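To start, the structure under review is shown below, and the notes come after it.
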Amino acid sequence: MKMNELLGFRFKETPADCQIASHILLLRGGYIKNVGNGLFSLFPPGKRIVQKIEQIIREEMDAIGGQEVMLPVAMPASLWRESGRYDTIGSELLRFQDRTDADMVLGMTHEEAVVHLARDAAQSYTNYPFMVYQIQTKFRDEPRARGGLIRCREFTMKDAYSFHTSQQDLETYYEKCYAAYARIFARCGLNDVISVQSDSGMMGGKIAHEFMLVTDVGEDYLAICQACDFRSNMEVAPCIVENQANTAAEIKKVHTPGTKTIEVLCDFLNIEAKQTCKAVLYQKDADDGLIAVFIRGDLEVNEIKLRNHLGEEIHPAGNVDDVFTCGFIGPLGLPQDVTVLFDNSLNGETNLVTGANETDYHITGFCVQRDVADVAFCDIAKILDGGICPNCNKPAVMLKRGIEVGNIFQLGTKYSQAMGMTYLDQNGKVQVPIMGCYGIGVGRLLASVCEESHDDYGPIWPVAIAPWQVQICALRADDPAVGAATNELYAALQANGIEVLLDDRKVSAGFMFSDADLMGVPVRVIISPKNLARGVVELKTRNKSVSCDIELDNAASEIAALVQKLRAQ
RNA sequence: CGGGACGUGGCGAAGUUUGGUAUCGCGCCUGGUUUGGGACCAGGAUGCCGCAGGUUCGAAUCCUGUCGUCCCGACCA
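Add 4 to a position in the first sequence, counting from 1, and you land on the number used in this note's numbering.
Quick look at the structure:
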């Protein structure tokens, strides 16, 4: 490819309205163009990188037995009604009508479509297990797109779906996929990707992991223990308890939200010594967060009622035996609407606690209600930086930010069950297959690589995904000797199977180098009259690890060898 | 959906307070001089100042509405 034929342009001004490096550099380097809120076109260099990433993903998916398929972007609403998600998913699912007024959706994920594809094709246990995947456009009507390719409304995603006849088989495959993901990110040059426990969210299912690139510009907050292997998205990280004086209560044992009790040692109950206290978690409904009612272990309460601001009773998700209410917590905003009513066995009175009395709501997603009797203020917070690890109890938790570049879920039978996918087992008995699903955002991965690998002048693409492996900068290409050497080297490298970007424009050296920096091509060759007078060309890598002169006569083979070496790293 | 900022040639900005010939840099076109880190000289093209109303002799500027973009939240495979 010749630079003067390449569609797109590069510029030096930082675009307005850009906050993060990858967004700025992808715009400045002529990789992407914003079309609308969260919508982007790719120029040729961007598309080339995407294709490289997709190829790596294909190879690794194929290596674990994946079969590539294609599912539609636009789907009839009826398909999504089968799973129930047409009604449960909010406005991030783009709904519209076709010309016959039939309800349609744009696919934001493809469990429905893949079950539709597979259910008639896998009616015997002998068809299992299998995995299919696609690399395709998704549309999610995000309330707020941001960060260029980091968070778009329309984006390319690899989504894979596996089908199994036993939970054990799913778990075995989940591990294989986990390993494949690690290889994919490593091959793309992302070294700082870690996996964390995550929330299965609207996907349903139990076990889920997210692959996170640890970076300050990430949108997700991660809790990482430096003393053990605890790593979690803050969305699902267990809570810790602090009293008003901000001294952390010692956590004896904590379960993740969704389980019924938190057992803590706490000192906020006007009790002289710390003592074990229980908290029962209530859940108003599936979409609402949790409310915790604290219970002093040695006291009793006859009944606890939770009411919302409409006076409707909220039913406890847990057991309230042998409890004393000392306060409650909930996600930010909720407590103001909630009233707790309980019979206090201590004084025989009915106590009422209402969130509306509380003025000081704050902190990271959880807040606490004052009790009338026996309770001091206390805060329940998500894990704090330097806080206590809920797994090993050591104060070794570090909070980091991360970009989610991939995720894997054990779905279970949520979709196969809802959509009537069955097979016959060895005994001729009807069974429902167990599913897993596995996603990678391709554009986000591209931006993440840029985020991790760039300098002030542009991206530094790893050779595996670089749009070209070699860029020739021909200074004074109008000079006959330079022109001849350039064309010869260009042809020789291409004959060697190397993708070469040739810049033989009549522009100043500084201009050419600046453009080359923005293209981020890993290997740069500089041909100039000055060099040719000595019979050499210059060889540099974009990351500055190599900078030397090489003989013109064997330049092609030396460059090919360097590319080979970089590929092997 | 809340809170904030901003829409002026392809890009980045000034001008808006106090209404009066649309301005500067980059980029683009022509010619010339240059040629190792975004060169220089001369000439040139490109604007419904987001859009729609209103006030006014006159609006980029003031008023009303609207659309869009970005940031912080809320939200979020």
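All C-beta atoms, glycine included, are put in the ideal place defined by N, C-alpha and C. None of the values given here were measured: they were computed from a predicted structure.
| Check | Outcome |
| --- | --- |
| Cross-strand partners of L428 (DSSP beta bridge) | S128, V434 |
| Nearest to G33 (by Cα), restricted to the options P19, G42, F13, G40 | F13 |
| L30 versus L449: straight-line alpha-carbon distance, rounded | 13 Å |
| Cβ-based neighbour list, L566, same chain, cut-off 8 Å, excluding 5 preceding and 5 following | V527, L543, T545, V550 |
| Coarse secondary structure for P484, derived from DSSP in three states | helix |
| Between the CA atoms of A481 and A513 - distance to the nearest angstrom | 11 Å |
| Minimum C-alpha distance to G151 - residue among Y419, L11, G94, N41 | N41 |
| Distance CB(M112)-CB(K142) smaller than 8 Å | yes |
| Residue from G445, I502, S202 with nearest C-alpha to A212 | S202 |
| Same chain, Cβ closer than 8 Å to A81, neighbours up to 5 away in sequence not counted | Y90, R99, A106, D107, M108, V109 |
| Other residues of its chain near Y461: CB distance less than 6 Å, five sequence neighbours each side excluded | D521 |
| Ordered list of alpha helix (DSSP H) runs contained in the segment 96-170, each at least 4 residues | 115-123 |
| Residues sharing a beta bridge with V527, DSSP | V474, T545 |
| Buried versus exposed call for E9 [16 or more other C-beta atoms within 10 Å across all chains shown] | exposed |
| For D124 and V434, the rounded distance between their alpha carbons | 14 Å |
| Collapsed DSSP secondary structure at A590 in the structure displayed | Any question about residue 590 goes unanswered here, given that the chain covers just 5 to 573. |
| The segment 214-231 contacting the segment 400-414, beta-carbon criterion three pairs below 8 Å | yes |
| Residue burial classification, L11 (beta-carbon count within 10 angstroms, cutoff 16) | exposed |
| Cβ-based burial, A572 [other Cβ within 10 Å; buried from 16] | exposed |
| Close beta carbons around I61, own chain, < 7 Å, minus the five adjacent residues each side | I139, K162, I188, I444 |
| Alpha-carbon spacing of V258 relative to D389, whole angstroms | With a pLDDT of 31 at V258, under the threshold of 50, the predicted position of this residue should be treated as unreliable, and no value is reported. |
| Three CB pairs or more closer than 8 Å across the segment 151-160 and the segment 40-59 | yes |
| Proximity to T4 [Cα-Cα], best of E146, A183, T169, A164 | Absent from the model: residue 4. The displayed extent of the chain is 5 to 573, so no value can be given. |
| Simplified DSSP assignment, three categories, for C396 | coil |
| Of the residues V39, S128, S45, S95, the one placed nearest G432, counting alpha carbons only | S128 |
| R574 - DSSP class collapsed to helix/strand/coil | In the structure displayed, the chain extends from 5 to 573; residue 574 sits before or after that span and is not available. |
| Assigned exposure category for G440 - 16 Cβ within 10 Å defines buried | buried |
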